Amino acid sequence: MPIKPSVTPLSILQTCFGYNGFLDEQETIIDHLISGNDALVLMPTGGGKSLCYQIPALIRKGTGIVISPLIALMQDQVDALKLLGIRASFLNSSLDGAEARRVENAFIAGELDLLYVAPERLLTDRFLELIFRTEIALFAIDEAHCVSQWGHDFRPEYIGLSILPQRFPRIPRIALTATADSVTRREIVSKLGLHEARQFVSSFDRPNIRYRVRLKDKPRQQLLEFLRFEQDDNSGIVYCQTRKKVDDTARWLSEQGFTALPYHAGLTSEMRLEHQSRFLQEEGIVIVATIAFGMGIDKPDVRFVAHLDLPKSLEAYYQETGRAGRDGNPAVAWMVYSIADVILHRKMLELSEADEKFKQIERRKLDALLGFCETTECRRQVMLSYLGEKLEEPCGNCDTCLEPVESWEGTEAARKALSCVYRTGQRFGAKYLIDVLKGRQNERIARFQHDEISTWGIGTELSDDMWQSVFRQLIAAGYLNVDIEGFGGFRLTPECKPVLKGERQILFRHDPIKVKKKKKQKPRFPDVSDMEVDEASTLWLKLKQLRSELARDQEVPPFLIFQDKTLRQLVQVRPSTLEEMRGIFGIGEKKLQRYGPRFLEAIRKEV
Ligand code: ADP
Ligand code: ZN
421 MPIKPSVTPL SILQTCFGYN GFLDEQETII DHLISGNDAL VLMPTGGGKS
471 LCYQIPALIR KGTGIVISPL IALMQDQVDA LKLLGIRASF LNSSLDGAEA
521 RRVENAFIAG ELDLLYVAPE RLLTDRFLEL IFRTEIALFA IDEAHCVSQW
571 GHDFRPEYIG LSILPQRFPR IPRIALTATA DSVTRREIVS KLGLHEARQF
621 VSSFDRPNIR YRVRLKDKPR QQLLEFLRFE QDDNSGIVYC QTRKKVDDTA
671 RWLSEQGFTA LPYHAGLTSE MRLEHQSRFL QEEGIVIVAT IAFGMGIDKP
721 DVRFVAHLDL PKSLEAYYQE TGRAGRDGNP AVAWMVYSIA DVILHRKMLE
771 LSEADEKFKQ IERRKLDALL GFCETTECRR QVMLSYLGEK LEEPCGNCDT
821 CLEPVESWEG TEAARKALSC VYRTGQRFGA KYLIDVLKGR QNERIARFQH
871 DEISTWGIGT ELSDDMWQSV FRQLIAAGYL NVDIEGFGGF RLTPECKPVL
921 KGERQILFRH DPIKVKKKKK QKPRFPDVSD MEVDEASTLW LKLKQLRSEL
971 ARDQEVPPFL IFQDKTLRQL VQVRPSTLEE MRGIFGIGEK KLQRYGPRFL
1021 EAIRKEV
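In the numbering used here, the protein residues as written are 421 to 1027.
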């Protein structure tokens, strides 16, 4: 798209992308780059990183080069830009020689606004030579945390990108990542030579994600209720720990009438690719996956991420749930967990080959996650504080905010439980300990003569479930350790002392009883009256159908045509002319011309 000198970032945002205003720091970053400076941008997933380099690339002279490690995503990104009328292409190993040559020629001829390349391609002598001969607007280094050797996404070729400032000192660079921690940030700065770059660090809060965590109690049933009553027809991801569980859960969900597809490293690559692309292309697909499914899934309308098993750390949980709601619309992060999950993780860790230092760090991370699960406070506050941010007020959009947890004074119960662990020799698990506390007789208790100790029968005031909950919370709070090498018996930690001496007060949370059944909800449209809801729903379905048809014809995912938010606004506004359509979220000039008439016709027929 030829850009005239008079265009401003805001006018491009509005006419080309169809958005009203910038988010957060986008505008400052864009101005900073247009003036020829370097930047390091840390923004959460869904924060709107891409515009930060796309708009400067359109305004500055020459082509913007985007370095991305995810070959699978380049095609989607380029498709999306083309639909907006932007001249974009990509170069990677998926192109054959002739196709690559064509792209290179367009690049040299100055016919591209944006060119996406894989780092290994960029670093070839041949390509560096091309860059010398061509006008370059900027370099954008996406997923910049890939330079970090300690991260999970390490890509050795990223280290080679340090030559860019040496070879092309005048071309501005912007590095972007959604990884929050300061260690990774320092590594990016030093490995990519970004010491002079201004750093833009956004809040990592994802306010549209509602966090909900429950104890496991018939997990399949819990999942089914969540999906049936709240997420019908929505796209989402269900994470499980093992491949087998992924397969079983996907099969079972299919039997329950969902379109559920498995995804894990044990499937053939064709099958994985097929399931991934159906997830992108079709609506209402549930992907059941191990964590092998994740990076590289750039789908903005994932409405939920459900965990049937505990992830291994709070960072991992943040990253995995962050795949929900990139479009900024409400999304849910839902999890069920049990102490058995924690014990399993600990066991795997202890059995691993890692050194003691590493194990210690991992243990602490797991503890932090358990603390998040067990908290009676705002979950978002706990999460953000772990990520090094402070949220002043409770968020109002997590389960503990919405249904505050009741707590009970448990100092006495804690002392009884801990003494019972001590008196029985610190080698038994919850079930046995509860039998002793409740004063039961059985063969094992008789054998160990535990009906003769002082804690036998001192706990009749609480039910078995309550005692279970007490032991679980004592573990979560670090008063008890689980003996991993032995048979999983509980042991006291030094933290217990003040409790046993009666110097520390303990509050336990009441475990919520059963979930209330919810009525199936119709899609809600905030701006229409109750009378009009039916009409709105019909129109909504019609527009979705039209979007699917167009997407199929053009072989792109539906969300590239229009996002849900755009369709929703169309339902609310019901424009009857193209002029009225202008200004609706996500409808820029190009899409107005291309799709406007079809959507107007559909609206006219319905209304
Ligand atoms: P990230 O790369 O940071 O995960 P994206 O660049 O993919 O985020 O943007 C996330 C979503 O937000 C996309 O659907 C994008 O179109 C939308 N978006 C970005 N900037 C704006 C804006 N200024 N106004 C409205 N929506 C925006
Ligand atoms: Zn909250």
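No residue lacks a Cβ here, since even glycine has one placed at the ideal position from N, Cα and C.
Fair warning: this is a prediction, and the values are worked out from it, not measured in the lab.
Roughly how many angstroms lie between the CA atoms of residue i and residue j, to the nearest whole one?
| i | j | result |
| --- | --- | --- |
| glycine 898 | glutamate 915 | 7 Å |
| aspartate 954 | glutamate 1000 | 23 Å |
| leucine 894 | alanine 834 | 8 Å |
| threonine 662 | isoleucine 763 | 15 Å |
| isoleucine 608 | arginine 575 | 12 Å |
| alanine 774 | leucine 959 | 57 Å |
| leucine 980 | lysine 917 | 60 Å |
| glutamate 645 | glutamine 989 | 30 Å |
| isoleucine 705 | arginine 698 | 8 Å |
| glutamate 563 | glycine 808 | 21 Å |
| lysine 719 | glutamine 965 | 19 Å |
| histidine 870 | threonine 880 | 16 Å |
| leucine 769 | glutamate 782 | 8 Å |
| serine 839 | lysine 777 | 32 Å |
| glutamate 1009 | serine 470 | 20 Å |
| arginine 743 | valine 722 | 7 Å |
| tryptophan 570 | arginine 605 | 12 Å |
| threonine 741 | glutamine 861 | 46 Å |
| leucine 453 | threonine 669 | 47 Å |
| valine 919 | isoleucine 926 | 8 Å |
| histidine 572 | proline 476 | 30 Å |
| lysine 942 | cysteine 821 | Residue confidence for lysine 942 is low, a pLDDT of 46 falling below 50, so the modelled location carries little weight; the figure read from the coordinates is stated next. About 25 Å. |
| methionine 803 | isoleucine 629 | 12 Å |
| phenylalanine 792 | lysine 836 | 26 Å |
| lysine 940 | proline 429 | Note that lysine 940 has pLDDT 47, beneath the 50 cutoff, so the model's placement of it is unreliable and the number below is only indicative. Rounded to the nearest angstrom, the two C-alpha atoms are 43 Å apart. |
| phenylalanine 559 | asparagine 512 | 17 Å |
| valine 752 | leucine 532 | 39 Å |
| phenylalanine 437 | valine 825 | 44 Å |
Determine the extent of the beta strand (DSSP E) in which residue i is found, giving its start and end residues.
| i | result |
| --- | --- |
| glycine 484 | 483-487 |
| phenylalanine 910 | 910-912 |
| glutamate 829 | 827-829 |
| serine 509 | 508-511 |
| phenylalanine 928 | 927-929 |
| leucine 550 | Segment 545-553 is the alpha helix (DSSP H) holding leucine 550; no beta strand (DSSP E) there. |
| methionine 680 | Methionine is not the amino acid found at residue 680; the sequence shown has alanine there. 679-683 is the span of the beta strand (DSSP E), which, as asked, contains alanine 680. |
| leucine 900 | 900-902 |
Assuming residue i is part of the alpha helix (DSSP H), what are its boundary residues?
| i | result |
| --- | --- |
| glutamine 893 | 884-896 |
| leucine 443 | It is not in any alpha helix (DSSP H) - leucine 443 carries neither H nor E in the DSSP assignment. |
| proline 476 | 469-479 |
| arginine 587 | 583-587 |
| asparagine 525 | 517-528 |
| leucine 673 | 663-675 |
| tyrosine 852 | 850-857 |
| lysine 785 | 776-794 |
If you compare alpha carbons, which of the options is closest to residue i?
| i | options | result |
| --- | --- | --- |
| leucine 811 | Phe1019, Leu478 and Asp625 | Asp625 |
| serine 957 | Asn457, Val621 and Ile1023 | Ile1023 |
| alanine 557 | Tyr683, Gly456 and Gly830 | Gly456 |
| serine 514 | Gln495, Ile432, Gly830 and Lys962 | Gln495 |
| glutamine 696 | Thr688, Ile717 and Glu703 | Ile717 |
| serine 431 | Gly467, Ile479, Tyr473 and Glu531 | Ile479 |
| arginine 924 | Glu829, Thr844, Tyr737 and Ala712 | Glu829 |
| threonine 599 | Leu614, Leu584, Val621 and His615 | Val621 |
| leucine 728 | Gln446, Leu532, Thr544 and Val666 | Val666 |
| isoleucine 583 | Leu961, Thr597, Asp601 and Ser610 | Ser610 |
| leucine 786 | Gln651, Lys767, Arg994 and Thr796 | Lys767 |
| serine 488 | Gln497, Lys851, Ile561 and Trp876 | Ile561 |
| leucine 700 | Gly1016, Pro978 and Gln1013 | Pro978 |
| alanine 500 | Lys1011, Glu519 and Glu1026 | Lys1011 |
Based on DSSP bridge pairs, tell me the residues matched to residue i.
| i | result |
| --- | --- |
| isoleucine 449 | In the DSSP output, where bridge partners are listed per residue, isoleucine 449 has none listed. |
| phenylalanine 559 | Ile485 and Arg593 |
| methionine 755 | Val633 and His727 |
| alanine 1038 | This structure does not reach residue 1038, given that the chain is present from 421 up to 1027, and the question cannot be answered. |
| isoleucine 878 | Paired residues: none, contrary to the question. |
| tyrosine 659 | Ala709 and His727 |
| tyrosine 738 | None, per the DSSP bridge assignment. |
| leucine 534 | Gly484 and Ala508 |
| cysteine 818 | Tyr631 |
- Item | Contiguous alpha helix (DSSP H) assignments of at least 4 residues, all confined to the segment 598-639 | 602-612
- Any alpha helix (DSSP H) of 4 or more consecutive residues that is wholly inside the segment 971-1008: 978-981, 984-993 and 998-1001
- Item | Lining residues of the ligand FAD - beta-carbon closer than 7 Å to any non-hydrogen atom, in sequence order | For the ligand FAD, the structure offers nothing, since it holds only the ligand ADP and the ligand ZN.
- Task: Go through the segment 688-716 residue by residue and report every complete run of the alpha helix (DSSP H) that reaches 4 residues or more, in order.
- Result: Counting whole runs of 4 or more residues, the segment 688-716 contains the alpha helix (DSSP H) stretches 689-701.
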